[in-house]
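Novice: Pasting a structure below so you can have a look.
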Amino acid sequence: MSTVHEGRQQARSRLLDPTVLFGLALIVAGLLLLLDRLEVLDAGRLAADWWPLVIVGIGVWWLFADSRLAGLAAIAVGVVLLGVVHDVVEGNVGNLIFPAVLVLIGAGALTAGARMRRAMRGLPAPDGSWTQAPTAMAVFGDARLSVADDGTDHAAVTAISVFGDVEVAVPAGWRVVDRTTALLGTVRIPQAQPTYAEAPVVELHGLAIFGDAKVRYLDDPRSV
420 MSTVHEGRQQ ARSRLLDPTV LFGLALIVAG LLLLLDRLEV LDAGRLAADW
470 WPLVIVGIGV WWLFADSRLA GLAAIAVGVV LLGVVHDVVE GNVGNLIFPA
520 VLVLIGAGAL TAGARMRRAM RGLPAPDGSW TQAPTAMAVF GDARLSVADD
570 GTDHAAVTAI SVFGDVEVAV PAGWRVVDRT TALLGTVRIP QAQPTYAEAP
620 VVELHGLAIF GDAKVRYLDD PRSV
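As structure tokens, then:
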């Protein structure tokens, strides 16, 4: 049963991979420009009238990525901005951008905080106790953390990066499950991941705000 669940998680992770979404966005943009050149539609006018749908789309993506609070906040912000653009709601879009950004960052931080509190509790040990998850925090600086290969097949770590850089080193052959929240930050996971079901798993929890969180394999310092 767990194998089926992990398989579904991997399939969803591939679907929600930022490179896939970026590729789809480029395709949509290209099609709109093509239709504009063919004078089928006015791409500039279309973008000016419906750009808040991008925020709604990001919210839907966050919902599927298990960031429900951030997803609902993004959808709400996008709908409000869409109402303002179409004069359904009174207001000035320019005056609403900064408060909207604060709402999205706050919702993302709350979502990441809930995940991190669960991760910091750790994982159940064979004797019934709980092992606390190691944490690396970088605030205007750098932090490093290594996951030891102690014979277990499941580990959890937490990385918090605020205007900083966190590097997490994991043993070769481990699969990394990304459960972080990036708010104007970057999370980089090694592209070469083991595909067999028996591979040990390390869950990466955390938050990246204007910072970077990077995972590399211990046998390859360049792996990102």
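In this text, residue positions in the sequence shown follow this note's numbering: the first is 420, and each later residue adds one.
Every residue gets a Cβ at the ideal spot worked out from N, C-alpha and C, and that includes glycine.
Should I628 go down as buried or exposed, given a rule of 16 or more other Cβ atoms within 10 Å for buried?
Specialist: Flag for I628 reads buried.
Novice: Can you pull the DSSP bridge partners for V473?
Specialist: Its beta-bridge partners do not exist; DSSP assigns none.
Novice: Going by C-alpha to C-alpha distance, which of R635, L637 and L602 sits closest to I477?
Specialist: The candidate whose alpha carbon is nearest that of I477 is L602.
Novice: Just tell me which of A531, L529 and V499 has its CA closest to the CA of A518.
Specialist: At residue 518 the sequence reads Pro, which differs from the Ala that was named. For the residues A531, L529 and V499, the minimum Cα distance to P518 belongs to V499.
Novice: Note the first and the last residue of the continuous beta strand (DSSP E) segment covering I628.
Specialist: Element bounds for I628: V620 to I628.
Novice: Is there contact between the stretch 617-627 and the stretch 562-580, where contact requires at least three CB pairs shorter than 8 Å?
Specialist: Flag = yes, the stretch 617-627 and the stretch 562-580 touch.
Novice: Have a look at G497 and A555 and give me their C-alpha separation to the nearest angstrom.
Specialist: Their Cα atoms are separated by approximately 34 Å.
Novice: Let's see if you can read the secondary structure: which residues bound the alpha helix (DSSP H) around V503?
Specialist: Its alpha helix (DSSP H) spans residues R487 to V504.
Novice: Where does L602 sit, in a helix, a strand or coil, going by DSSP?
Specialist: In the structure shown, L602 sits in a strand (DSSP, three-state: E or B).
Novice: Where does A462 fall in DSSP's three states?
Specialist: A462 falls in the helix class under three-state DSSP.
Novice: Helix, strand or coil for L457, going by three-state DSSP, please let me know.
Specialist: L457 falls in the coil class under three-state DSSP.
Novice: To the nearest angstrom, report how far apart P590 and W469 are at their CA atoms.
Specialist: Each residue's alpha carbon lies about 46 Å from the other.
Novice: Output yes if chain E places a C-beta closer than 9 Å to the C-beta of P471; else output no.
Specialist: Among the chains in the structure shown there is no chain E, since it carries only a single protein chain.
Novice: How is T571 classed by DSSP in three states: helix, strand or coil?
Specialist: If DSSP states are grouped into helix, strand and coil, T571 belongs with coil.
Novice: Report all residues from its chain with a CB closer than 8 Å to the CB of Q428; omit the five preceding and five following residues, and keep chain order.
Specialist: The predicted position of Q428 is uncertain, since its pLDDT is 48 and thus under 50; no value can be drawn from it.
Novice: For L480 and A567, what's the separation of their Cα atoms in angstroms?
Specialist: The residue you asked about is not Leu; residue 480 is Trp in the sequence shown. About 33 Å.
Novice: Rounded to whole angstroms, what's the CA-CA distance from A528 to F559? Just pull it up for me.
Specialist: Cα to Cα, A528 sits roughly 18 Å from F559.
Novice: Label D631 either buried or exposed according to how many other C-beta atoms from any shown protein chain fall within 10 Å of its C-beta, with 16 as the threshold for buried.
Specialist: It is buried - the Cβ of D631 has at least 16 other Cβ atoms within 10 Å.
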